[in-house]
Amino acid sequence: MPLFWRVCLINGAVFLLGTLALALSPATVSAQPLLSELVVLLLGLTVIVLLNGALLRTVLRPLDRLTAVTGQIDLRHPGLRLDEDGSGPARPLVRGFNAMLERLELERSTSTARALRAQEAERQRIAQELHDEVGQSLTAVLLGLRHAMDSAPEPVRAELDELRGTTRASLEEVRRIAQRLRPGDLTDLGLISALAGLARATSARNGPRVRRRLPTSVPDLPSATELVIYRVAQEALTNVVRHARAESVDLGLTLSDGRLVLRVVDDGVGIPRGAMGAGIQGMLERARMVGGVLDVRAREDRRGGSGTEVRLSLPLPRRAEP
């Protein structure tokens, strides 16, 4: 029944009860009401108002909860629902609201996953073009400079040698960019080798010292799960280099209770409470794509130091459980 008719029936029932009470009771009202009669009328009116308010509160209370929950909805943190128990006549409305939230979260999750897959495909394409087009062009320039140096006079040879060094550095930078866009080690050598290479590359770029705590092997994982682990580790280490001002970082991967846990812990300045940049949001979305849970928090050790911990927990596929 629509809510409007529910309210009308409640009010009608209350008025009917009041009319029956007045008609069947011995109470009367004089042409000029006495004080005792006014007291009885006031008490009756009070009872009617209180009864009507109690009945309407039962019907409309879920609407107050619905209004409060609406202001708390954040599709980046799914799972918020209204409790259908105790909703009374408004239960269909609460059930419909929860179903709407589920559809919105599903659509957002689907669209986000589609966007991330498109992003990975675009990264692959750009990396391939950097390797095939820019990389080969710079290699040809290096060969041309080498031949030019053989026949160039001594004053010009020094300038060509300096230009050759600049070109070689540019070629190395192009290769590093292509590697970050498309982790070839992940495909060719596996997850553990890719994480180890990522740690070495981070330390080599004048970054903090990265201590690795990686197993010798992990169970077979879907390629999407391996890519998520690698991207989360990559983003976490990038954030450490850019923002943390840390001296050392611990990169660990462990198996525990049927879950695979990635931890990136630094000893830097820590993360502000409630911080949610694009990098962290991207890690959260990637984790949800494969059913994982990401936790980013500030940490304090026993010596009073600070830092940030990024923890990614992923369920192991049944076929991959040891």
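Numbering (full-length UniProt numbering), first residue to last: 1 to 322. Just so you know, even glycine gets a beta-carbon here, dropped at the ideal spot from N, CA and C.
- Annotation: Thr225 to Arg157 spans about 51 Å, alpha carbon to alpha carbon.
- Burial of Gly270 is indicated by the presence of at least 16 other C-beta atoms within 10 angstroms of its C-beta.
- In this structure the stretch 127–135 lies against the stretch 161–179, because at least three pairs of beta carbons, one per stretch, are closer than 8 Å.
- Val265 and Ala298 have their alpha carbons spaced roughly 10 Å apart.
- Distance from the CA atom of Glu154 to the CA atom of Ala169, rounded to whole angstroms, is 23 Å.
- In this structure, Leu138 sits away from Arg164, with a CB-CB distance that is not shorter than 7 Å.
- When C-alpha distances from Leu80 are compared across Leu63, Met100 and Thr216, the shortest belongs to Met100.
- Contact between Ala196 and Leu214 holds, since their C-beta atoms are separated by about 6 Å, short of 8 Å.
- In the DSSP assignment, Ser151 falls within the alpha helix (DSSP H) that extends over Gln136 to Ser151.
- In the three-state reduction of the DSSP assignment, Asp267 falls in the coil class.
- In the pairwise beta carbon analysis, the stretch 226–246 is classified as touching the stretch 279–289: at least three pairs are separated by under 8 Å.
- Here DSSP, grouped into helix, strand and coil, assigns Asp295 to strand.
- Residue environment analysis places Asn206 among the exposed positions, since fewer than 16 neighbouring C-beta atoms fall within 10 angstroms of its C-beta.
- Per the DSSP secondary-structure output, Glu120 pairs with nothing in a beta bridge.
- Beta-bridge analysis with DSSP links Pro315 to Arg259.
- Residue Thr308 holds the alpha-carbon nearest to the alpha-carbon of Val240 among Arg259, Thr308 and Val134.
- Taking a cut-off of 8 Å on C-beta distances, the stretch 54–65 touches the stretch 7–18, as three or more cross pairs fall below it.
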